[in-house]
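Novice: Sharing a structure, written as structure tokens. Questions coming.
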Amino acid sequence: MNTKAVVASSTSIAVALALAAGAGYLIGRNETRTGPVLSVGDQIQLANSALRLPSDCDALLESYVERGLDTVTAYGWNDEIVMYDVMPGAATSLESSPSARGTSPTTARSTNNQTGTNVQESGVDEPDLVKVSGDRLFRIQGNVLKAYDISGEEPKQLSSLDLPDLHDAEILLSGDRVVVLGSIGPRYGASRTRVVLVDLSDSTTPAIVTQNDYDATITAARLHGDVVRVVLDSGLPDLDFRYPNRRHSEPETLEHNRDLVRATTLSDWMPSVGGEPIVECADVAIPTMDTQLGTTTILTFRPAAPEPVTTAVATSATTSYFSPDRFYLAAADSATGWWRGPVLDCVGLCEGSGQDGNTELFAFALDGTDTTYVAAGDVKGQIRDRWSMDYANGTLRVALGQTSQTGNFNSVVTLREDDGTLSEVGRVDKLGVDEDIKSVRWFDDLAIVVTFRQVDPLYAIDLSDPEAPAQLGKLKIPGFSEYLHPLGEQRLIGVGQDVSRRGRVRGAQAALFDVTDLTSPRRLDVIAYPKFSRAGAGLDPRQFTWLPEARTALTVVSKGWPGRT
Numbered sequence: 000m001n002t003k004a005v006v007a008s009s010t011s012i013a014v015a016l017a018l019a020a021g022a023g024y025l026i027g028r029n030e031t032r033t034g035p036v037l038s039v040g041d042q043i044q045l046a047n048s049a050l051r052l053p054s055d056c057d058a059l060l061e062s063y064v065e066r067g068l069d070t071v072t073a074y075g076w077n078d079e080i081v082m083y084d085v086m087p088g089a090a091t092s093l094e095s096s097p098s099a100r101g102t103s104p105t106t107a108r109s110t111n112n113q114t115g116t117n118v119q120e121s122g123v124d125e126p127d128l129v130k131v132s133g134d135r136l137f138r139i140q141g142n143v144l145k146a147y148d149i150s151g152e153e154p155k156q157l158s159s160l161d162l163p164d165l166h167d168a169e170i171l172l173s174g175d176r177v178v179v180l181g182s183i184g185p186r187y188g189a190s191r192t193r194v195v196l197v198d199l200s201d202s203t204t205p206a207i208v209t210q211n212d213y214d215a216t217i218t219a220a221r222l223h224g225d226v227v228r229v230v231l232d233s234g235l236p237d238l239d240f241r242y243p244n245r246r247h248s249e250p251e252t253l254e255h256n257r258d259l260v261r262a263t264t265l266s267d268w269m270p271s272v273g274g275e276p277i278v279e280c281a282d283v284a285i286p287t288m289d290t291q292l293g294t295t296t297i298l299t300f301r302p303a304a305p306e307p308v309t310t311a312v313a314t315s316a317t318t319s320y321f322s323p324d325r326f327y328l329a330a331a332d333s334a335t336g337w338w339r340g341p342v343l344d345c346v347g348l349c350e351g352s353g354q355d356g357n358t359e360l361f362a363f364a365l366d367g368t369d370t371t372y373v374a375a376g377d378v379k380g381q382i383r384d385r386w387s388m389d390y391a392n393g394t395l396r397v398a399l400g401q402t403s404q405t406g407n408f409n410s411v412v413t414l415r416e417d418d419g420t421l422s423e424v425g426r427v428d429k430l431g432v433d434e435d436i437k438s439v440r441w442f443d444d445l446a447i448v449v450t451f452r453q454v455d456p457l458y459a460i461d462l463s464d465p466e467a468p469a470q471l472g473k474l475k476i477p478g479f480s481e482y483l484h485p486l487g488e489q490r491l492i493g494v495g496q497d498v499s500r501r502g503r504v505r506g507a508q509a510a511l512f513d514v515t516d517l518t519s520p521r522r523l524d525v526i527a528y529p530k531f532s533r534a535g536a537g538l539d540p541r542q543f544t545w546l547p548e549a550r551t552a553l554t555v556v557s558k559g560w561p562g563r564t
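Per numbering that gives the first Met the number 0: the sequence shown = residues 0 to 564.
Put into structure tokens, the structure is as follows:
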């Protein structure tokens with residue numbers, strides 16, 4: 000439960016996190032790998048034309064420069080930044096669809112893991128401010144890592160470790176080792192990533208095992224068993240561009256800027272540590288389609304034996320999704336601007352602009368420290384964030400927002416790996432016409448999608464047959480849910496915003512839904528919070544924890560952006 004606020008310092012919440020470790024089951028796995036593979040360090044021919052391997056470092060640099068010349072303008076990089084706007088509205092009605100068939104799917108899926116963090120996928124841990132292991136609790140506060148004994152009635156601090164120059168830090172826990180992930184350098188603009196491995200086998204005497212600084216921004220990190228994967232985005236080189244003025248015309252500045260791109264080296268495009276590249280040229284796959292320019296690197300290591308393995312794709316893709324055995328990168332095409340989000344995870348601010356174009360998808364199979372390319376494909380529309388993707392029973396399910404390529408509606412699309420290609424096998428369209436996706440929650444055979452503009456439909460989508468997904472029911476209510484959390488098979492909590500009938504956002508709200516009959520979902524109750532309040536779980540789902548034994552939900556509500564929490 001990442002509060003980013005005073006809740007992280009509450010002893011009662013910290014102890015509650017220790018109680019929140021719940022049992023669950025994993026998503027269905029498909030162990031069969033299809034199509035060609037590109038694995039770390041292997042020169043394997045790619046049959047899928049979506050990615051190609053460079054013949055050598057010169058060829059890799061040439062590809063960067065060639066794409067850079069297409070991207071640079073007289074005003075610098077043509078890489079617009081667009082925020083995803085909240086467009087409030089309200090209406091009230093209840094509709095159900097006659098398309099229900101057979102046995103209804105359910106909303107049963109565990110989300111709290113053994114370390115107390117509210118995660119997207121059971122079995123895939125995520126960075127947080129607090130982690131629990133048995134009678135020990137570890138907490139990062141600013142740049143100080145603290146260990147506690149929570150076996151008694153009151154937590155007892157065992158140790159404190161200063162980590163200078165680190166900010167926005169979070170932690171992962173693997174056995175007796177804590178992986179600290181944060182940034183160094185300026186808080187705004189380009190920043191570098193610091194990864195610190197701390198040995199806490201003796202909780203009273205923490206010891207730093209390794210510390211590495213990477214010239215890239217961390218966009219995601221996950222723990223699969225005892226394997227850590229960190230996703231780094233290098234973005235575009237920071238070049239000394241010239242801009243048109245009284246002394247220099249547009250053609251002159253354009254040619255100057257193009258010369259700067261021609262003079263770049265691989266160190267300008269690829270991430271490094273200690274001045275040395277962290278990935279070999281032969282392990283950088285080059286997209287053949289017109290995706291956002293940059294470099295996305297997957298850094299993989301075991302904390303018990305921290306010798307990293309790396310692979311990379313020559314595109315900037317700040318939206319990624321991890322299942323227990325799959326990893327997906329979503330890269331917007333070059334016509335679409337993407338917001339480069341905050342450090343650690345693009346939970347709410349790394350959304351597509353929704354202005355134009357397709358989204359390219361790259362699929363990797365995960366096995367130990369191997370990250371193996373297995374397929375690629377594209378979908379028409381925008382993938383809002385990682386919560387818009389899910390992998391179950393060999394099928395990738397994606398919620399797509401509207402773009403000029405798709406029309407004025409949202410869709411749920413299913414895809415499967417077919418001879419190295421992600422091929423569409425089913426879809427449901429016309430979800431939320433002229434509305435934007437606000438939240439998505441996936442289950443084994445079900446998706447719950449909330450859209451919003453002037454009304455707030457909650458859609459239940461049957462995914463039991465991936466080749467024929469169908470809308471089961473729809474509920475229209477005031478306000479909208481930015482985060483959805485299942486409470487077993489019959490109830491669902493939605494945390495979001497209350498909205499007036501004139502479409503003005505009034506403040507945070509929490510709603511309880513009855514999803515026993517998915518053809519006719521109902522809102523049972525709602526709690527509205529003070530005017531101008533915000534529900535933190537909408538931006539960061541780790542600010543929500545469900546304690547099933549106590550039938551209690553903990554969440555964070557703030558009075559305005561700078562106000563009390």
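Every residue, glycine too, gets a C-beta built ideally from N, C-alpha and C.
For residue 166, which residues does DSSP report across the bridge?
Specialist: As a position in the sequence shown, residue 166 is number 167, starting the count at 1. Residue 166 pairs with 182.
Novice: Which first and last residues belong to the beta strand (DSSP E) in which residue 301 is found?
Specialist: Along the sequence shown, one-based indexing puts residue 301 at 302. Start and end: 295-301.
Novice: Just reading off the beta strand (DSSP E) that residue 266 is part of, what are its end residues?
Specialist: On the sequence shown, position 267 is the one that residue 266 refers to. It is not in any beta strand (DSSP E) - residue 266 instead sits in the alpha helix (DSSP H) that spans 265-268.
Novice: Residues in its own chain within less than 6 Å of residue 310 by CB, not counting five upstream and five downstream?
Specialist: Residue mapping note: residue 310 aligns to position 311 of the sequence shown, counting from 1. Once the five neighbours on either side are set aside, the close Cβ partners of residue 310 are 39, 282, 297 and 370.
Novice: Over what stretch of residues does the alpha helix (DSSP H) that includes residue 61 continue unbroken?
Specialist: Start at 1 with the first residue of the sequence shown, and residue 61 comes out as number 62. 56-70 is the extent of the alpha helix (DSSP H) around residue 61.
Novice: Could you check whether residue 139 and residue 157 sit closer than 8 Å to each other, using their CB atoms as the reference points?
Specialist: Residue numbering aside, residue 157 sits at position 158 when the sequence shown is read from its first letter. Residue numbering aside, residue 139 sits at position 140 when the sequence shown is read from its first letter. Contact flag unset, no.
Novice: Near residue 203, which residues of its chain fall below 6 Å by C-beta distance, leaving aside the five closest residues on each side in sequence?
Specialist: Sequence index remark: in the sequence shown, residue 203 carries index 204 (1-based). Counting only Cβ-Cβ distances below 6 Å, and skipping sequence neighbours, we find 157 and 158.
Novice: Pull up the DSSP beta-bridge partners for residue 456, would you.
Specialist: Working through the sequence shown from its first residue, we reach residue 456 at position 457. Answer is 475.
Novice: Excluding the 5 residues preceding and the 5 following residue 466 in the sequence, name in chain order all residues of the same chain whose CB lies nearer than 8 Å to its CB.
Specialist: Position 467 of the sequence shown, counted from the first residue, corresponds to residue 466. Around residue 466: 413, 424 and 425.
Novice: Should the region 169-189 be called in touch with the region 117-134, which here means at least 3 C-beta pairs below 8 Å?
Specialist: Yes, the region 169-189 touches the region 117-134.
Novice: From 438, 124, 132 and 190, pick the residue whose C-alpha is nearest to that of residue 271; which is it?
Specialist: Here residue 271 refers to the residue found at position 272 of the sequence shown. Nearest of 438, 124, 132 and 190 to residue 271, Cα basis: 190.
Novice: Classify residue 259 as helix, strand or coil using the three-state DSSP reduction.
Specialist: Taking the first residue of the sequence shown as 1, we reach residue 259 at position 260. Residue 259: helix per DSSP, three-state reduction.
Novice: Could you tell me how far apart the beta carbons of residue 295 and residue 315 are, in whole angstroms, since I believe they sit closer than 8 Å?
Specialist: What you label residue 295 is simply residue 296 of the sequence shown in a count that begins at 1. What you label residue 315 is simply residue 316 of the sequence shown in a count that begins at 1. Sure, about 7 Å apart at Cβ, within 8 Å.
Novice: Give me the Cβ distance between residue 462 and residue 445, rounded to the nearest whole Å; I'm assuming they're in contact under 8 Å.
Specialist: Walking along the sequence shown from the start, residue 462 turns up at place 463. Walking along the sequence shown from the start, residue 445 turns up at place 446. That pair is a contact at about 6 Å.
Novice: Could you please give the first and the last residue of the uninterrupted beta strand (DSSP E) stretch that includes residue 211?
Specialist: Within the sequence shown, residue 211 is the residue found at index 212, counting from 1. 206-213 is the span of the beta strand (DSSP E), which, as asked, contains residue 211.
Novice: Skipping 5 residues on each side, what residues in its chain have a beta carbon closer than 6 Å to that of residue 548?
Specialist: As a working mapping, residue 548 is identified with position 549 in the sequence shown. Hits under 6 Å: none found.
Novice: Specify the secondary structure class of residue 540 as computed by DSSP and reduced to three states.
Specialist: By 1-based counting over the sequence shown, the position of residue 540 is 541. The answer is helix: DSSP assigns residue 540 an H, G or I state.
Novice: Which of helix, strand or coil does DSSP assign to residue 431?
Specialist: Along the sequence shown, read from residue 1 onward, the residue named residue 431 stands at position 432. Note: residue 431 maps to coil in three-state DSSP.
Novice: Quick one: measure Cβ to Cβ for residue 123 and residue 261, integer angstroms, because I've assumed they're closer than 8 Å.
Specialist: Here residue 123 refers to the residue found at position 124 of the sequence shown. Here residue 261 refers to the residue found at position 262 of the sequence shown. Contact doesn't hold; Cβ gap of about 42 Å is too wide.
Novice: Mapping the DSSP letters down to three states, classify residue 549 as helix, strand or coil.
Specialist: Residue numbering aside, residue 549 sits at position 550 when the sequence shown is read from its first letter. Residue 549: helix per DSSP, three-state reduction.
Novice: Check the DSSP bridge columns for residue 532 and list the partner residues they point to.
Specialist: Taking the sequence shown and counting its residues from 1, one reaches residue 532 at position 533. Paired residues: 558.
Novice: Look up residue 161 in the DSSP assignment and say whether it is helix, strand or coil.
Specialist: The sequence position of residue 161 within the sequence shown is 162, counting from 1. If DSSP states are grouped into helix, strand and coil, residue 161 belongs with the strands.
Novice: In three-state terms, what does DSSP make of residue 403?
Specialist: The sequence position of residue 403 within the sequence shown is 404, counting from 1. Note: residue 403 maps to coil in three-state DSSP.
Novice: If you count every other CB in all the chains shown that lies within 10 Å of the CB of residue 456, and 16 or more means buried, which is it?
Specialist: The residue labelled residue 456 in the question sits at position 457 within the sequence shown. With 16 or more other Cβ atoms within 10 Å, it is buried.
Novice: Sort 494, 387, 507 and 209 by Cα distance to residue 441 and report the nearest one.
Specialist: Taking the first residue of the sequence shown as 1, we reach residue 441 at position 442. Measuring from the Cα of residue 441, the nearest candidate turns out to be 387.
Novice: How big is the Cα-Cα spacing for residue 527 and residue 486?
Specialist: Along the sequence shown, read from residue 1 onward, the residue named residue 527 stands at position 528. Along the sequence shown, read from residue 1 onward, the residue named residue 486 stands at position 487. Taking the straight line from one Cα to the other gives about 20 Å.
Novice: Can residue 75 and residue 211 be called in contact, C-beta distance under 8 Å?
Specialist: Looking up residue 75 in the sequence shown gives position 76. Looking up residue 211 in the sequence shown gives position 212. No. Outside cutoff.
Novice: State the DSSP-derived secondary structure class of residue 507, mapped to helix, strand or coil.
Specialist: Counted from its first residue, the sequence shown places residue 507 at position 508. Residue 507: strand per DSSP, three-state reduction.
Novice: Express the C-alpha separation of residue 302 and residue 287 in angstroms, rounding to a whole number.
Specialist: As a first step, residue 287 is located in the sequence shown; it is residue number 288 there, counting from the start. As a first step, residue 302 is located in the sequence shown; it is residue number 303 there, counting from the start. Rounded to whole angstroms, residue 287 to residue 302 spans 35 Å at the Cα level.
Novice: Out of 373, 279, 254 and 263, point me to the one whose CA is closest to residue 64's CA.
Specialist: In the sequence shown, the residue the question calls residue 64 occupies position 65. Taking only the C-alpha atoms, the option nearest residue 64 is 263.
Novice: Hey, how far is the Cα of residue 564 from the Cα of residue 556?
Specialist: As a first step, residue 564 must be located in the sequence shown, where it is residue number 565. As a first step, residue 556 must be located in the sequence shown, where it is residue number 557. So the alpha carbons of these two residues sit roughly 6 Å apart.
Novice: My understanding is that residue 403 touches residue 430, with C-beta atoms under 8 Å, so please give their C-beta distance in whole angstroms.
Specialist: Against the sequence shown, residue 403 aligns to sequence position 404. Against the sequence shown, residue 430 aligns to sequence position 431. At roughly 18 Å, the Cβ-Cβ gap does not stay under 8 Å, so residue 403 and residue 430 are not in contact.
Novice: Take the Cβ of residue 201 as the centre, count every other Cβ of all protein chains shown within 10 Å, and call the residue buried at 16 or more, exposed below.
Specialist: By 1-based counting over the sequence shown, the position of residue 201 is 202. Exposed, since its Cβ has fewer than 16 Cβ neighbours within 10 Å.
Novice: Using alpha carbons as the reference points, say which of 524, 518 and 150 lies closest to residue 510.
Specialist: Working through the sequence shown from its first residue, we reach residue 510 at position 511. Of the candidates 524, 518 and 150, the one whose C-alpha sits nearest the C-alpha of residue 510 is 524.
Novice: Rounded to the nearest angstrom, what separates residue 214 and residue 434 at their Cα positions?
Specialist: Numbered from its first residue, the sequence shown carries residue 214 at position 215. Numbered from its first residue, the sequence shown carries residue 434 at position 435. If I take the Cα positions, the gap works out to 39 Å.
Novice: Which residue wins for smallest C-alpha separation from residue 277, given the options 258, 248 and 232?
Specialist: The residue given as residue 277 occupies position 278 in the sequence shown. It is 232 whose Cα lies nearest to the Cα of residue 277.
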